[in-house]
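Going by the UniProt record's numbering, the first residue of the sequence shown is number 1, and it counts up by one from there. We treat Cβ as the ideally placed atom computed from N, Cα and C, and that holds for glycine. Here the structure is a predicted model, which is why all the values come from computation and not from measurement.
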Amino acid sequence: MTTITAHDSPAARPVPGSADAPATGRRRRPRALGAGGQHRAGPVALTMLVLVSLASLFPLYWTVVAASTDSHQVISTPPPLLPGGNLFRNIGYVWHNAGARGMGVALLNSTLVAGTVALSTVAFSVLAGFAFAKLRFRGRGALLALVVATMAVPAQVSIVPLFILMKHLGLGNQLGALVLPTLVTAFGVFFMRQYLTQALPTELLEAALVDGANSLRVVWHVVVPIARPAMAVLGMLAFVQSWNDFLWPIIAMNGATNPTVQVALAGLGTGWSTDWSVITAGALVGTLPLLLVFVVFGRQIVGGITQGALKG
């Protein structure tokens, strides 16, 4: 017959972590918390972040260096690593000689086109994405498959019929020819559909309908607040894509009289010799508005992405 002693009793065994428990190893110290209860990064993580940030900023720094020198210094070996004194002279040349009417008109055209395309893409994509995600109607699956299938068609295939269509609509050499074909994109519709399928609860829509809200109020007061993180990301992507577009603007518009930024920059490389410092200065001028947009709205975009991820 086995006798259970006091030391063998479970109630008498010391609880791990108590003063009576034997030391079986070093206890792991909890990580220090920073402001807001977040874990503070260690020195290795901070070093890696600094190195990655410097590597990401180096192309922009090299653009400034090349734009502030002359053409011979840019192509010299080894290339210069410190800025020169010709930055404002090169920028002034670009401002007055990029296109027939100067860089100011090109920047205004690109801002109007990219801003309109971004707003229309977000608005139409939210409506279509909500319909495909939560509404039930005949042919929904086939229509969504058709929309997604258009993403596989190269843009070069539709250039000629699209140009003929713009001519028949009387939009030749007008900014409307750049806006109308890109009012909504298949990627934007599919992107918003995927986001709203996961982030928008069906019960919330049913509760709004029970309270007497019509379709417009449901979209404005329920769908839009939930879709705001995805709307910010889609708007930024649409703005950047429209700003950087070159093929369709140079075909649909008369680049000599009414250019966009990319078309105006293309004219800087023509001549007896290529002045790479002037071309780089033009690229810097064309990039600064994008940097300004991200500086102004970057926090809202990143915060919206984080908020959407936490809610999901």
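* To do: Taking L204 and L112 to be in contact with their CB atoms under 8 Å, please state how far apart those CB atoms are, rounded to whole angstroms.
  => Your numbering for residue 204 matches position 204 in the sequence shown. Your numbering for residue 112 matches position 112 in the sequence shown. Between L112 and L204 the Cβ distance is about 37 Å, and since that is not below 8 Å, they are no contact.
* With distances taken Cα to Cα, identify the nearest neighbour of A118 among F239, N244, V263, N258. => Here residue 118 refers to the residue found at position 118 of the sequence shown. Of the candidates F239, N244, V263, N258, the one whose C-alpha sits nearest the C-alpha of A118 is F239.
* To do: Count the other CB atoms, across all protein chains shown, that sit within 10 Å of the CB of M202; report buried if there are 16 or more and exposed otherwise.
  => Residue numbering aside, residue 202 sits at position 202 when the sequence shown is read from its first letter. Note on residue identity: the sequence assigns Thr, not Met, to residue 202. Exposed, because fewer than 16 other Cβ atoms sit within 10 Å of the Cβ of T202.
* Asked: Can you give the Cα-Cα distance for G172 and V105, rounded to whole angstroms?
  -> To locate residue 172, count along the sequence shown from 1; it is residue 172. To locate residue 105, count along the sequence shown from 1; it is residue 105. Rounded to whole angstroms, G172 to V105 spans 18 Å at the Cα level.
* Asked: In this structure, does DSSP put L165 in helix, strand or coil?
  -> Position 165 of the sequence shown, counted from the start, is the residue given in the question as residue 165. Looking at L165 - three-state DSSP - the assignment turns out to be helix.
* Can you list, in chain order, the residues of its chain whose CB lies under 7 Å from that of F187, leaving out five sequence neighbours each side? -> Taking the first residue of the sequence shown as position 1, residue 187 is located at position 187. Within the same chain, F187 has close Cβ partners M151.
* Asked: At what residues does the alpha helix (DSSP H) containing S56 begin and finish?
  -> Here residue 56 refers to the residue found at position 56 when the sequence shown is read from its first residue. S56 -> alpha helix (DSSP H) spans 43–67.
* **DSSP state of G267 mapped onto helix, strand, coil** => By 1-based counting over the sequence shown, the position of residue 267 is 267. Looking at G267 - three-state DSSP - the assignment turns out to be helix.
* Own chain, CB closer than 7 Å to T63, minus 5 neighbours either side, in chain order -> Here residue 63 refers to the residue found at position 63 when the sequence shown is read from its first residue. Same-chain partners within the cutoff: T280, A283, L284.
* To do: Within 10 angstroms of the Cβ of N214, are there 16 or more other Cβ atoms? Answer buried if so, exposed if not.
  => As a working note, residue 214 is residue 214 in the sequence shown. Exposed: under 16 other Cβ atoms inside 10 Å.
* Coarse secondary structure for Q174, derived from DSSP in three states -> What you label residue 174 is simply residue 174 of the sequence shown in a count that begins at 1. Here Q174 sits in coil by DSSP.
* Asked: Distance, Cα to Cα, S53 vs A45?
  -> What you label residue 53 is simply residue 53 of the sequence shown in a count that begins at 1. What you label residue 45 is simply residue 45 of the sequence shown in a count that begins at 1. Their Cα atoms are separated by approximately 12 Å.
* To do: Work out the CA separation of F190 and D275 for me, nearest whole Å.
  => For this step, residue 275 is matched to residue 275 along the sequence shown. For this step, residue 190 is matched to residue 190 along the sequence shown. So the alpha carbons of these two residues sit roughly 43 Å apart.
* Residues in its own chain within less than 8 Å of residue 314 by CB, not counting five upstream and five downstream? -> In the structure displayed, the chain extends from 1 to 312; residue 314 sits before or after that span and is not available.
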